[in-house]
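**Q** Anchor point for the sequence shown: position 224 equals 224 in the UniProt record's numbering, and the numbering is continuous, going up by one each time.
The beta carbon of each residue, even a glycine, is placed where N, CA and C say it ideally should be.
Quick caveat: nothing in here was measured; it's all calculated off a predicted structure.
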Amino acid sequence: MTQEHSCTIADHPDGALLDAVLDAVRTHYVHPETAAAMAALVRARRAEGAYTGLPGPEFCATVTADLRSVYDDRHLTVVWRDEPRPEPEPGAEAAALDVWRERFRLEAEGVTRVERLPGNVGLIALAGFADPVAAGPVYEAAMRLLAGTYALIVDLRANRGGWPLSAVQFCAYFLGAEPVRLSTVHKGPEARQFWTPAHLPGPRYLDRPVHVLTSAKTFSGGEDAAYTLQGLGRATVVGERTAGAAHSFAVFRIDDHVDAHIPDERPVNAVTGANWEGTGVVPDIAVPAGAAFDVAYELSLGHVAGLVAGSGNKNLRRIADEAVERLVG
Numbered sequence: 001m002t003q004e005h006s007c008t009i010a011d012h013p014d015g016a017l018l019d020a021v022l023d024a025v026r027t028h029y030v031h032p033e034t035a036a037a038m039a040a041l042v043r044a045r046r047a048e049g050a051y052t053g054l055p056g057p058e059f060c061a062t063v064t065a066d067l068r069s070v071y072d073d074r075h076l077t078v079v080w081r082d083e084p085r086p087e088p089e090p091g092a093e094a095a096a097l098d099v100w101r102e103r104f105r106l107e108a109e110g111v112t113r114v115e116r117l118p119g120n121v122g123l124i125a126l127a128g129f130a131d132p133v134a135a136g137p138v139y140e141a142a143m144r145l146l147a148g149t150y151a152l153i154v155d156l157r158a159n160r161g162g163w164p165l166s167a168v169q170f171c172a173y174f175l176g177a178e179p180v181r182l183s184t185v186h187k188g189p190e191a192r193q194f195w196t197p198a199h200l201p202g203p204r205y206l207d208r209p210v211h212v213l214t215s216a217k218t219f220s221g222g223e224d225a226a227y228t229l230q231g232l233g234r235a236t237v238v239g240e241r242t243a244g245a246a247h248s249f250a251v252f253r254i255d256d257h258v259d260a261h262i263p264d265e266r267p268v269n270a271v272t273g274a275n276w277e278g279t280g281v282v283p284d285i286a287v288p289a290g291a292a293f294d295v296a297y298e299l300s301l302g303h304v305a306g307l308v309a310g311s312g313n314k315n316l317r318r319i320a321d322e323a324v325e326r327l328v329g
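1. Under three-state DSSP, which class holds V281?
2. Could you check the C-alpha separation between Q3 and G302 for me, to the nearest Å?
3. Taking the CB atoms as reference points, tell me whether T242 and V281 lie closer together than 7 Å.
4. Given a threshold of 16 other Cβ atoms within 10 Å of its Cβ, counted over all protein chains shown, does S69 qualify as buried or as exposed?
5. Between which two residues does the alpha helix (DSSP H) carrying F293 extend?
6. Is the CB-CB distance between F129 and G162 below 7 Å?
7. Considering Cα atoms alone, identify which of L126, P189, L200 is closest to E107.
8. Give the DSSP-derived three-state secondary structure of I153 in the structure shown.
9. With H, G and I counted as helix, E and B as strand and the rest as coil, what does DSSP make of R116?
10. Taking the beta strand (DSSP E) that T77 belongs to, which residues open and close that run?
11. Checking 7 Å against the spacing of the C-beta atoms, do W276 and E240 come in under that value?
12. In chain order, what residues of the same chain have a beta carbon less than 8 Å from the beta carbon of D284, not counting five sequence neighbours either side?
13. Skipping 5 residues on each side, what residues in its chain have a beta carbon closer than 6 Å to that of R160?
14. Could you tell me whether the Cβ atoms of P263 and F249 are closer together than 7 Å?
15. Mapping DSSP to helix, strand and coil, what is F174?
16. Please tell me whether V168 and L182 are closer than 7 Å, where the distance is taken between their beta carbons.
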């Protein structure tokens, strides 16, 4: 999610708007050296007349493209607003978060599908990570429904992120009760750690295969969950390389019409010592996003079919036969 900060300017001479954008980037961007290189390139482009006479929307789009040409950070954006926006009122940030909460509430807190598939394979699809207070009971209910399955598919192909603590809470269901440090997020000289909780209200999903589906549109918090479970060896990622947006951003008000979305936080995974910024999450099994489900389902069914070997359990044999029928059907 984002935070909003104000750095209002008014009655500036020509070029001061761009200077204010660059000042915000240099001051707040998560990589100071990269910020300096971005500012140098944009100033050179200004000297060439690249921004002269551009209308507001085109000006913002062009500056954004030039900033990203130095480093393609998908969260770094200069935004134009047609309607002038005054100084934010007290409580405006909380009101904006309430809008996001309402949006998630109308979309089942981001959980768009929970299903037991033939062969006793579970499926859960998440389009985003809602406020953890609201998302927690939904995750609990979903994991209770999926608790008896023999394998699980987690579909993050349309996941655009959200609240980081919800991603942590969801990932915790696939790990043991002993708290695990997942990452450390750096913001300037400050750092905060994200650990899994020792207690979860729903059943953990342990000792069974998990396949995470990704696409080129999987973004931010969706990438975080895929990267985390992959790094811990808890899931096999199937699909496409993800967008590569690891840095969290804040909103800086430049003037009544222009905001700058500037990444100011950098996560470092506790296992890899890195993150997915720029590179995306690289799938273990690379296939087009549209084929990812079929591949993961076939792998899951193969696991279920193998469970019957040496077992006299009639229920298990029935489910395994169901899996084999799906595999050969």
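**A** For this structure:
1. Indexing the sequence shown from 1 puts residue 281 at position 281. It is coil, neither helix nor strand.
2. Here the question's residue 3 lines up with position 3 in the sequence shown. Here the question's residue 302 lines up with position 302 in the sequence shown. Here Q3 scores only 48 on pLDDT, less than 50, and its place in the model is too uncertain to base an answer on.
3. Counting from one through the sequence shown, the residue named residue 242 turns up at place 242. Counting from one through the sequence shown, the residue named residue 281 turns up at place 281. Contact annotation: T242 and V281 have beta-carbon atoms nearer than 7 Å.
4. Counting from 1 along the sequence shown, the entry for residue 69 is found at position 69. Exposed, since its Cβ has fewer than 16 Cβ neighbours within 10 Å.
5. Along the sequence shown, one-based indexing puts residue 293 at 293. Residue range 289-307 is occupied by the alpha helix (DSSP H) that includes F293.
6. Residue mapping note: residue 129 aligns to position 129 of the sequence shown, counting from 1. Residue mapping note: residue 162 aligns to position 162 of the sequence shown, counting from 1. Yes, these two residues count as a Cβ contact at 7 Å.
7. Here residue 107 is taken as the residue at index 107 of the sequence shown, counted from 1. Cα-wise, what sits closest to E107 is L126.
8. For the purposes of this step, residue 153 is taken as residue 153 along the sequence shown, with counting starting at 1. Secondary structure at I153: strand, using DSSP grouped into helix, strand and coil.
9. The residue given as residue 116 occupies position 116 in the sequence shown. Per DSSP, reduced to three states, the secondary structure at R116 is strand.
10. As a first step, residue 77 must be located in the sequence shown, where it is residue number 77. In this chain, the beta strand (DSSP E) harbouring T77 covers 77-80.
11. Reading the sequence shown from its first residue, position 276 is the one you call residue 276. Reading the sequence shown from its first residue, position 240 is the one you call residue 240. The answer is no: Cβ separation not under 7 Å.
12. In the sequence shown, the residue the question calls residue 284 occupies position 284. Scanning its chain for C-beta atoms nearer than 8 Å, with the 5 sequence neighbours on each side dropped, one finds around D284 the residues Q230, T236, V237, V238, in chain order.
13. Working through the sequence shown from its first residue, we reach residue 160 at position 160. These residues qualify, in order along the chain: G128, F219.
14. The sequence position of residue 263 within the sequence shown is 263, counting from 1. The sequence position of residue 249 within the sequence shown is 249, counting from 1. It is a contact, given that the beta carbons lie within the stated cut-off.
15. For the purposes of this step, residue 174 is identified with residue 174 of the sequence shown, where counting begins at 1. Coil, per DSSP.
16. Working through the sequence shown from its first residue, we reach residue 168 at position 168. Working through the sequence shown from its first residue, we reach residue 182 at position 182. Contact flag set, yes.
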